[in-house]
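Student: Questions regarding the structure given below will be posed in turn.
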Ligand code: DX5
Ligand code: ZN
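Residue numbers (my numbering): 23 to 243.
Here it is in structure tokens:
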């Protein structure tokens, strides 16, 4: 059953609590938290204080931290201690990615490796069986509200086929440019966790309803 992961990057941060509670009310089980360092990507967002706030507002939710930072190893222990459940970092930032996966597992997190659109999933072939998820970016990381990069559908389907072929239960998270028209097809292609920012939070009065409708569209996959 594919699941929606609302991304707080598109929240109105003056209403963070209300908006998160609405997402929860709509049935969101996973909240996506984008951490950007202004160096690995040309944008800054937030770090531990916001993660702690999300955890305090929603004690039961699964928090999915997406590290878009250099040296991701530096942040793993702190983020897991403060409530991250799933944590992904970029392969492009981490030549020693395999040992970072081990570090996440050792600390009790569910490890994911994020891939920029141009990085083939085959790079992760050696570690696929140790990952809880592969995090496929479907826009260039750094900003919310971008257009989905076409062609990513094939990347999702071929990775899904490989996961099936190997008998693994690895999740595929996709992230960026998800809209009302493509969401269902992306779940059909094999995305099992669908991060969505602007699609969920663009209309603050509708957040619970949006989460519900979008989750309905993808739950059959
Ligand atoms: C972009 C972030 C995404 C972002 C998606 O670098 O990783 O998680 O929030 O935003 P939308 O859904 O608006 O494309
Ligand atoms: Zn993200």
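Just so you know, even glycine gets a beta-carbon here, dropped at the ideal spot from N, CA and C.
Under 7 Å: does the beta carbon of residue 112 sit that close to some heavy atom of the ligand ZN?
Tutor: On the chain shown, residue 112 is found 90 positions in, with the first residue counted as 1. Answer for residue 112: no, Cβ out of range of the ligand ZN.
Student: Return yes when the Cβ of residue 157 is within less than 8 Å of the Cβ of residue 137, no when it is not.
Tutor: Residue mapping note: residue 137 aligns to position 115 of the chain shown, counting from 1. Residue mapping note: residue 157 aligns to position 135 of the chain shown, counting from 1. Going by C-beta atoms, residue 137 is nearer than 8 Å to residue 157.
Student: Under the rule that 16 or more other beta-carbon atoms within 10 Å means buried, what is residue 61, buried or exposed?
Tutor: The count along the chain shown starts at 1 and reaches residue 61 at position 39. Exposed, because fewer than 16 other Cβ atoms sit within 10 Å of the Cβ of residue 61.
Student: Thinking just about the alpha-carbon of each residue, which of 176, 161 and 175 is nearest to the one in residue 169?
Tutor: As a first step, residue 169 is located in the chain shown; it is residue number 147 there, counting from the start. Of the candidates 176, 161 and 175, the one whose C-alpha sits nearest the C-alpha of residue 169 is 161.
Student: Can you tell me where the alpha helix (DSSP H) holding residue 126 begins and where it ends?
Tutor: Taking the chain shown and counting its residues from 1, one reaches residue 126 at position 104. That run of the alpha helix (DSSP H) goes 119-128.
Student: Could you please give the first and the last residue of the uninterrupted alpha helix (DSSP H) stretch that includes residue 115?
Tutor: If you number the chain shown from 1, residue 115 lands on position 93. Run containing residue 115: none; DSSP gives neither H nor E here.
Student: Would you report the Cα separation of residue 43 and residue 80, rounded to the nearest angstrom?
Tutor: Numbered from 1 along the chain shown, position 21 holds the residue referred to as residue 43. Numbered from 1 along the chain shown, position 58 holds the residue referred to as residue 80. Residue 43 and residue 80: Cα-Cα distance of roughly 7 Å.
Student: Which residues mark the beginning and the end of the beta strand (DSSP E) in which residue 87 is found?
Tutor: For the purposes of this step, residue 87 is taken as the residue at position 65 of the chain shown. Looking at the DSSP string, the run of the beta strand (DSSP E) that includes residue 87 is 84-90.
Student: Helix, strand or coil: how does DSSP classify residue 188 here?
Tutor: Within the chain shown, numbered from 1, the residue matching residue 188 stands at position 166. If DSSP states are grouped into helix, strand and coil, residue 188 belongs with coil.
Student: Should residue 148 be labelled buried (16 or more other beta-carbon atoms within 10 Å of its own) or exposed?
Tutor: As a first step, residue 148 is located in the chain shown; it is residue number 126 there, counting from the start. Residue 148 is exposed by the Cβ-count criterion.
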